[in-house]
Structure formats: structure tokens, C-alpha cells
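Colleague: Can you keep this structure in mind? I'll have questions shortly.
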Amino acid sequence: MNHHPDDLIMLFNDLFRESFGTVLVRGGDEPEYLPATGPEGLARVVFARNFYASALHEISHWCIAGEQRRTLHDYGYWYCPDGRSRDHQRLFEQVEVKPQALEWLFSVAAGSRFHISIDNLSGDGAVDEAGFRRRVRTQADDYLRNGMPSRAASFFTSLMTFYGTTERFGAAWAEESARE
Numbered sequence: 028m029n030h031h032p033d034d035l036i037m038l039f040n041d042l043f044r045e046s047f048g049t050v051l052v053r054g055g056d057e058p059e060y061l062p063a064t065g066p067e068g069l070a071r072v073v074f075a076r077n078f079y080a081s082a083l084h085e086i087s088h089w090c091i092a093g094e095q096r097r098t099l100h101d102y103g104y105w106y107c108p109d110g111r112s113r114d115h116q117r118l119f120e121q122v123e124v125k126p127q128a129l130e131w132l133f134s135v136a137a138g139s140r141f142h143i144s145i146d147n148l149s150g151d152g153a154v155d156e157a158g159f160r161r162r163v164r165t166q167a168d169d170y171l172r173n174g175m176p177s178r179a180a181s182f183f184t185s186l187m188t189f190y191g192t193t194e195r196f197g198a199a200w201a202e203e204s205a206r207e
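49 is the number that our numbering gives to position 22 of the sequence shown; each next residue is one higher, with no gaps.
Written out as C-alpha cells, the structure is:
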């Protein structure tokens, strides 16, 4: 299956440009969220370079961010770059469970491969990579049982429709979530 970021840009912008004044755009080396400036401006979800997975990840963060957070640069969160201490990595892993769970579900809905991200290659690495993956999988299962945030559910449905994965999503999720 062909996966191109332009498809995600089209799907996201069709769903959220008018209703939420937000667009998905490709950027440079670092992803970021830029809130709207002025009454006519659009908020921008910026993904790194031309990376499909980066786009899915940044969309996941946006789908979780509440109304107040969407008025703040990068949703008002701190970002400690690669090279984090164990304490900072533990905090990173705590806040990344929900977005990575959505990203995983979005990936399966698009028929693409998900890779868990500890985002700390030059630091101490993951505090507990296997535990982090289990927590992300548990959260994804919870979203499937109890529902996703509404914007995430809309995007998820759009992905399955676009990529034709609606009928086989359940089997694909069972196979993908069992992968270690």
C-alpha cells in the first residue's frame, strides 16, 4: 500500500480546516504546533520533513489537545530533547502513552507499520521499553472499547475509508498489537 503524507494532509485538512481552523503542513527538522494568530489565521500542525509517521504522530497530539491547549505553542508542553535523564524520560513516557496509542491505531487504519518511539537515543534510552509498549497497547485497546476523543474518531474513520481497511481492521489490529 502506498503511503504518502499528501494523503494525510488532504484528509486532515478536509476534516478540520473549516470546523477547527487547523491545517496539517510539512515542515523542517522538528515538528511543532502553531496556534492561530488573529481571527482569520489558521492553526498549523507541523510534521517533520516529509515523514508519514511524523504526520500521524503530530495529528495524534492534536486530537488529544483540549481547546485551551490548542491556543498555546506546542500545546504548552515542555519538550526536553533527546538525551533525557531517566526522570525526564519517565515523564516523557507518561505523556506519550495516549498520543502513541492513537498513532498506533491510525497506522493500522492506514495499513502502515507503527514503531513505538522512546525518542531518547542519545540519553539513557527507555526507562522500561517493554512496559511502555504494553501501556500504549492497553490505551489503544481502551480507545477501541470505550471510544476515542471525537476528533481522533473522525480521523480514524477517514483513514479506514480512504485506505479501505474498515472490513479488516479488527484482524489487522489483533495481529499488529500482538507484535513485540
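Idealized CB from N, CA, C, for every residue including glycine.
Which residue spans inside the region 69-137 form an unbroken beta strand (DSSP E) run of at least 3?
Modeller: 70-74
Colleague: For my contact list, Leu129 and Ala179 are in at a C-beta cut-off of 8 Å; report their separation, rounded to the angstrom.
Modeller: 5 Å
Colleague: Going by beta carbon distance, what residues of the same chain come within less than 6 Å of Ala137, once the five residues before and after it are set aside?
Modeller: Leu186, Tyr190
Colleague: Who are the near neighbours of Thr98 in its chain, counting only those whose CB is closer than 7 Å to its CB and skipping five residues on each side?
Modeller: Pro62
Colleague: Are there 16 or more other CB atoms within 10 angstroms of the CB of Gln127, so buried, or fewer, so exposed?
Modeller: Answer is buried; the Cβ neighbour count reaches 16.
Colleague: Using CA coordinates, which residue listed in Tyr60, Phe74, Thr193, Phe47 is at the minimum distance from Arg53?
Modeller: Phe74
Colleague: For the alpha helix (DSSP H) containing Arg162, name the first residue and the last one.
Modeller: In the DSSP assignment, Arg162 falls within the unbroken alpha helix (DSSP H) covering 156-173.
Colleague: Assuming Asp101 and Glu59 are in contact, meaning their beta carbons sit under 8 Å apart, how far apart are those beta carbons, in whole angstroms?
Modeller: 6 Å
Colleague: Report the CB separation of Phe1 from Trp131 in whole angstroms; it is logged as a contact under 8 Å.
Modeller: Absent from the structure is residue 1, since the part of the chain shown begins at 28 and ends at 207.
Colleague: Looking at chain D, is there any beta carbon in it that lies within less than 7 Å of the beta carbon of Arg140?
Modeller: Judged by its chain identifiers, the structure shown contains no chain D, having just a single protein chain.
Colleague: Find out if the Cβ-Cβ distance for the pair Leu83, Phe133 is shorter than 7 Å.
Modeller: yes
Colleague: Closer than 7 Å by C-beta to Cys90: which residues in its own chain qualify, once you throw out the five before and the five after it? Chain order, please.
Modeller: Leu129, Pro176, Arg178, Ala179, Phe182
Colleague: Would you call the CB atoms of Leu35 and Val50 closer than 7 Å?
Modeller: Contact flag unset, no.
Colleague: Measure from the alpha carbon of Phe47 to the alpha carbon of each residue in Arg172, Glu94, His30, Asp114, then state which is nearest.
Modeller: Glu94
Colleague: Per DSSP, which residues does Glu59 bridge with? Please list them.
Modeller: Val73
Colleague: Helix, strand or coil, according to DSSP, for Thr49 in the structure here?
Modeller: strand
Colleague: Would you decide whether Val72 is buried or exposed? Buried here means 16 or more other CB atoms lie within 10 Å of its CB.
Modeller: Buried is the call here.
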